[in-house]
Amino acid sequence: MNSMLTVIRFTLLNRLKTKSFKITTLIFVLLISAVVNLPAIIQQFSKEDGKEAVKIGVMANGTDIQQKLTDYFAAAKTGTSAVEIVPLESKGGAEADAALIREKLKNEDVKGVLTAKPAGAGEFPQLLYQTGASGFSMNPGTDETAGLLKTALQTIKTNSAIAQAGIEPAVLAKIQEPVKLTTETVALKEAETPAKSKEELGIAFILVYALLFLLYMSVIGYGSMVSTEITAEKSSRVMEILISSGSPLKQMFGKIIGICLMGLLQNVVFGIVVAVNLTLPWNGAALQSMDLDLSLIPYGLLGYFLLFYLGGFFIYATIFAAIGSLVSRSEEVQQAVMPVTLLIIIAFMTAMFGLQNPEAPFVIAMSYVPFFSPLIMFLRIGLGSPAWWEITISIAIMLGSIFVLGWLSAKIYRTGVLMYGKRPSWKELRKAMKAFQA
């Protein structure tokens, strides 16, 4: 036991001291901080507060359009809606008015000019919006300002029609009040987990997606690190010294546990970075705008994540360790572990499919396969409603698989680490394992 603890401590500390670990951790901390703060960053850059308002000239010609537009944009002067209405007096003739408009646009006193002409009694005025032609932007109806103006005019027209119809503001507000529809999923079996509301599903979806990606990257990254470490020691002949000083079984599991602890430590750092960034004042407003309530985070799901994280890591890490013991050169590791990597990719792609339909028969079946269950059963727990016995069976199969794969990998490891040259075939490996036992 002491020798295994020595291997664990050596592997963990050796990895923590490397420059690659420190640089990778720093890069991911900065990347995670940027992603978490991205909504606030975008909002900050999209603000136009403090910028000069876009000026639109209005030639009212006896209508009340100019005053109503002024009132509308004064009330809506936030964000990208900063528009200033500039009154223009008609010169009494079409040619004189056209010359005035051309002059205002040429001198860039205004970005565009809206001309209103009275229509019949009770009718909305006839409108013409003109801008100066520059480059390829010759369509006056395609710029952002024209869109804002059209929205404002549509609102003014709607309010005028409502006023003419004699509809009271209170009645209109009641009509326009959004319907409140609460949605939730219903457990179809008595043994299933409780129903989830729409808000809970929203939080769970984001959490499950993020943790699935973390689990996938961790298994690939830290798992392949196990095989790389073993192969590097084997190629440098250090393995012969290590094997003579301790049990091969303890050597293998010591390395697996050491790298697992390193991965957990790194992921805890990432989790703390996410939590700290989410508590920043500007992110609180961004989360509220997206209707995300952090108080609805299912903390029990984090416990399941830790369980399936460890289960998935040990399933694949034991296989990676066995493969690493059979390879003599570091250059051959990536090619040797490719079939196992493909298994992880298939599991991740199945989980991505299951995000849209976590109770699909195919997804349910895959949640019992030990190579896929760490991702897919975790997905079902987060977004679906699996019965308690389904979760128990999946976990039992996963734990049993860890035991079987650990036993088999240990037998391969203690034989493979002393076999050099080309990769042995299964027949050669079987013979060597029998000779080792004898």
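Residue numbers (my numbering): 102 to 539.
For glycine and all other residues, C-beta sits at the position ideal for the given N, C-alpha and C.
| Query | Result |
| --- | --- |
| Check whether Met363 and Ala511 have beta carbons under 9 angstroms apart | no |
| Whole-Å CB distance - Pro475 paired with Phe409, under 8 angstroms assumed | 4 angstroms |
| With 16 other Cβ atoms within 10 Å as the buried cut-off, status of Ala200 | exposed |
| Local conformation of Ile128 per DSSP, three classes | helix |
| Beta-carbon proximity of Ser502 to Phe479, cut-off 9 angstroms | no |
| First through last residue of the beta strand (DSSP E) which encompasses Ile157 | 155-160 |
| Minimum C-alpha distance to Phe314 - residue among Asn368, Ser261, Ile357 | Asn368 |
| Met105 classed as buried or exposed, judged by whether at least 16 other C-beta atoms fall within 10 angstroms | buried |
| Residue closest to Gly412, alpha-carbon to alpha-carbon, out of Ile358, Leu302, Ser134 | Ile358 |
| Unbroken beta strand (DSSP E) run spanning Ile268, endpoints | Per DSSP, Ile268 belongs to no beta strand (DSSP E) and is neither H nor E. |
| Inside the stretch 455-520 only - alpha helix (DSSP H) runs reaching at least 4 residues | 462-467, 474-484, 489-517 |
| 9 angstroms Cβ cutoff met for Ile186 and Thr171 | yes |
| Proximity to Phe306 [Cα-Cα], best of Met467, Gln457, Ile142 | Gln457 |
| Nearest neighbour of Gly303, chosen from Val441, Thr493, Leu484, Ile498 [CA to CA] | Leu484 |
| Which listed residue (Val108, Leu444, Glu190) has its alpha carbon closest to that of Thr216 | Glu190 |
| Classification of Ile552 by the beta-carbon crowding that lies within 10 angstroms, buried from 16 upward | Since the displayed the chain opens at 102 and closes at 539, residue 552 lies outside it and no answer follows. |
| Through-space distance from Cys361 to Pro487, alpha-carbon basis | 28 angstroms |
| Beta-bridge partners of Val187, as assigned by DSSP | Gly158 |
| Residues that Val214 bridges to, as DSSP identifies them | Gly158, Gln231 |
| Where Leu302 sits in the DSSP three-state scheme | helix |
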